[in-house]
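The sequence shown begins at 5 in this note's numbering and counts up one residue at a time.
Glycine included, each C-beta is placed from N, C-alpha and C at the ideal position.
Working notes for the structure below.
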Amino acid sequence: MGLISVIVTTYNRPDSLRACLDSVAAQSDREFELVIADDGSGESTRESVLRYSAENPLAPPVTHVYQEHRGFRAGGIRNKAVARSRGDYIVFIDGDCVVFPDFIARHRKLAEPGCFVPGNRILLSREYTEEVLGNAVCLYRKSLMSFLGLFLTGKINGCAGLIRFPLGCLRLFRKTQWQKAKTCNLGLWKKDFRAVNGFDESFEGWGFEDSDLVIRMIHSGVHRKTGRHAVPVLHLWHPENDRRRHDANLRRFQDRLKNREPVFAENGFSRHVDTANTADLVE
């Protein structure tokens, strides 16, 4: 495997995005590109991306991909970002996630043809998130014992997921499980993404667009390979998204669960391919 494309989804959280990008800049594996999937943020987000590039001149290239804000349309901006990407392997994270220095290296090691790899996440409390962002706390350099202390004081929701185990063939134990496979930490092959036409952009508003992608990949023959106890992320607290479309999205997803066909999203990735260019490359 060569270049990995890291897709970072964000919307108007420049402080969290800065923490995310700082952790990405510290990766031991440098053979990746960074694509910011911006769902209509203000100018402060672009300024954060430019500042990241200026402060990390030796970091891998970064591309800022933007769409006009018309509500929560994460599927659409992720499709657009993948269309701009150059790698054969994609890793999705959210712009309010902090990753450890071996994050890319471990996703590379876990990547296997015909599989997608969901990692796990540790949630930070609202109060601790404010402390981290306010004091520029370097979370990805903390020890396991430090995280145990944070768990015992209620600042994070767990720490067992930070322990690394080899697991081996047990990683394929639940090959058709879609639950808890989320785009805050998900690796997959671009060819598998293209085969199902990426995210279904009919899912507008918060909810189930990532589960829909995963279940269509499973129906197409791609298997789950768990990344738990290998590639955790630290997920900063954020306000709950607008869930007015939750019920409609849930019904759409439930229909998908019942019907194995079609796996190809009618309103998906292919609509962005012809318009993809590198005009937003941040030098």
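Residue i and residue j closer than 8 Å at C-beta
{"i": "residue 9", "j": "residue 37", "result": "yes"}
{"i": "residue 106", "j": "residue 73", "result": "no"}
{"i": "residue 79", "j": "residue 268", "result": "no"}
{"i": "residue 180", "j": "residue 228", "result": "yes"}
{"i": "residue 239", "j": "residue 101", "result": "yes"}
{"i": "residue 148", "j": "residue 235", "result": "no"}
{"i": "residue 12", "j": "residue 97", "result": "yes"}
{"i": "residue 3", "j": "residue 86", "result": "The structure shown has nothing for residue 3, since the chain only spans 5 to 287."}
Reference residue i; option with closest CA among the options
{"i": "residue 17", "options": "134, 222, 206 and 218", "result": "134"}
{"i": "residue 45", "options": "222, 71 and 202", "result": "71"}
{"i": "residue 84", "options": "94, 69 and 93", "result": "69"}
{"i": "residue 142", "options": "271, 267, 224 and 26", "result": "26"}
{"i": "residue 40", "options": "32, 94 and 33", "result": "94"}
{"i": "residue 192", "options": "123, 168 and 183", "result": "123"}
{"i": "residue 92", "options": "77, 275 and 120", "result": "120"}
{"i": "residue 168", "options": "237, 55 and 259", "result": "237"}
{"i": "residue 202", "options": "244, 272 and 216", "result": "272"}
{"i": "residue 117", "options": "274, 251 and 221", "result": "221"}
{"i": "residue 99", "options": "82, 196, 161 and 260", "result": "82"}
{"i": "residue 53", "options": "22, 75, 77 and 146", "result": "22"}
{"i": "residue 28", "options": "48, 55, 144 and 88", "result": "144"}
{"i": "residue 199", "options": "182, 163 and 219", "result": "219"}
{"i": "residue 159", "options": "128, 138, 146 and 185", "result": "128"}
{"i": "residue 132", "options": "161, 110 and 214", "result": "161"}
{"i": "residue 259", "options": "278, 244 and 216", "result": "216"}
N-terminal and C-terminal residue of the alpha helix (DSSP H) that residue i is part of
{"i": "residue 150", "result": "148 to 156"}
{"i": "residue 166", "result": "Note, residue 166: premise wrong, no alpha helix (DSSP H); not H, not E."}
{"i": "residue 98", "result": "It is not in any alpha helix (DSSP H) - residue 98 instead sits in the beta strand (DSSP E) that spans 93 to 98."}
{"i": "residue 253", "result": "250 to 262"}
{"i": "residue 276", "result": "274 to 277"}
{"i": "residue 267", "result": "Element bounds for residue 267: n/a, residue is neither H nor E."}
Classification of residue i by the beta-carbon crowding that lies within 10 angstroms, buried from 16 upward
{"i": "residue 187", "result": "buried"}
{"i": "residue 189", "result": "buried"}
{"i": "residue 177", "result": "exposed"}
{"i": "residue 287", "result": "Residue placement at residue 287 is poorly supported in this model, since its pLDDT is 37, which falls under 50; the coordinates are not used for a value here."}
{"i": "residue 32", "result": "exposed"}
{"i": "residue 64", "result": "buried"}
{"i": "residue 251", "result": "exposed"}
{"i": "residue 24", "result": "buried"}
{"i": "residue 205", "result": "buried"}
{"i": "residue 51", "result": "exposed"}
{"i": "residue 89", "result": "buried"}
{"i": "residue 213", "result": "buried"}
Extent of the continuous beta strand (DSSP E) to which residue i belongs
{"i": "residue 9", "result": "8 to 14"}
{"i": "residue 103", "result": "101 to 103"}
{"i": "residue 116", "result": "From DSSP, residue 116 is part of no beta strand (DSSP E); its letter is neither H nor E."}
{"i": "residue 127", "result": "125 to 127"}
{"i": "residue 39", "result": "36 to 42"}
{"i": "residue 67", "result": "66 to 70"}
{"i": "residue 174", "result": "Careful: residue 174 lies outside any beta strand (DSSP E) and carries neither H nor E."}
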